[in-house]
Amino acid sequence: MAFLKSILFCLIHFNNPFRSKPKAGDCIEIFRGNYQHWALYVGDGCVVHLAPPCNFTYSTANKMASVLCEKALVQKNGLWDVVGNHEWRVNNDLDKKYEHRPVQVIVRDALDVVGCELPYNIVARNCEHFVNELRYGKAESRQVSATLKLFIYLSLFQPYFNAKRYLLNR
Numbered sequence: 366m367a368f369l370k371s372i373l374f375c376l377i378h379f380n381n382p383f384r385s386k387p388k389a390g391d392c393i394e395i396f397r398g399n400y401q402h403w404a405l406y407v408g409d410g411c412v413v414h415l416a417p418p419c420n421f422t423y424s425t426a427n428k429m430a431s432v433l434c435e436k437a438l439v440q441k442n443g444l445w446d447v448v449g450n451h452e453w454r455v456n457n458d459l460d461k462k463y464e465h466r467p468v469q470v471i472v473r474d475a476l477d478v479v480g481c482e483l484p485y486n487i488v489a490r491n492c493e494h495f496v497n498e499l500r501y502g503k504a505e506s507r508q509v510s511a512t513l514k515l516f517i518y519l520s521l522f523q524p525y526f527n528a529k530r531y532l533l534n535r
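In this note's numbering, the protein residues as written are 366 to 535.
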């Protein structure tokens, strides 16, 4: 049954003309509603990813709990086990900004930390930081950067909106 599940998964996900087949060292972006989970493809249908211990089942309650976790476990799992029924894609967009490290080094370093418990912080040390640090040597999260930029933008204009509301309600 697991074999048939793997075949079906490959037919559905790898034959999608808009999704390229992952290669070792590729960053995998998994769309999970309000956020993206990130993993690193290491070959043979497997990924390495940073998973807060309280988040492995990916239930709604555990999504919230993952925000509160201070540690996360580096796991090696089958790509389809991590992706589940969510959309995903190979996303090496930071290749435009940084040169990626040699593939053998990326994969070796990823496999070396499997089973390790690492510090986890939704803003400073999340799964996207982890994957980008492995691929580029730079712990960066565009997901967090975009959110922080939005908060900064809104906080800069908050006094303007408050003044406008005050003037309109006088």
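Every residue gets a Cβ at the ideal spot worked out from N, C-alpha and C, and that includes glycine.
Point to revise | Length at least 3, wholly inside the region 424–476: the beta strand (DSSP E) runs in chain order | key: The qualifying runs are 436–443 and 453–455.
Practice item. Output the distance between the C-alpha atoms of A475 and Y501, rounded to the nearest integer angstrom. Key: The alpha-carbon atoms of A475 and Y501 are separated by roughly 12 Å.
**Study point:** Terminal residues of the beta strand (DSSP E) in which C411 lies
**Key:** Segment C411 to A416, the beta strand (DSSP E) holding C411.
Review point. Buried or exposed: which applies to E482, given that a residue is buried once 16 or more other Cβ atoms fall within 10 Å of its Cβ?
Key: Under the 10 Å beta carbon count, E482 is surrounded by fewer than 16 other beta carbons and is classified as exposed.
Point to revise | Euclidean distance between Cα positions of D477 and I395 | key: Cα to Cα, D477 sits roughly 23 Å from I395.
Review point. Residues in its own chain within less than 7 Å of G480 by CB, not counting five upstream and five downstream?
Key: Result list for G480: V439, in chain order.
Review point. Who pairs with I487 in a beta bridge, going by DSSP?
Key: Partner(s): none; I487 has no beta bridge.
Practice item. Determine which residues share a DSSP beta bridge with L405 and list them. Key: Assignment of beta-bridge partners to L405 by DSSP yields C392 and V413.
**Study point:** C492, enclosing alpha helix (DSSP H) - first and last residue
**Key:** Residues C492 to Y501.
**Study point:** For S510, the three-state DSSP class (helix, strand or coil)
**Key:** Confidence is the limiting factor: at S510 the pLDDT is only 47, short of 50, which leaves the residue's position unreliable, though a coordinate-based value still follows. Three-state result, S510: helix.
Practice item. Look at V447 and H494 and say whether their C-beta atoms are less than 8 Å apart. Key: The answer is no: Cβ separation not under 8 Å.
Practice item. Note down the Cα distance separating P387 from V468, rounded to an integer number of angstroms. Key: Approximately 13 Å between the Cα atoms of the pair.
Review point. For E505, which three-state DSSP category applies?
Key: Three-state result, E505: coil.
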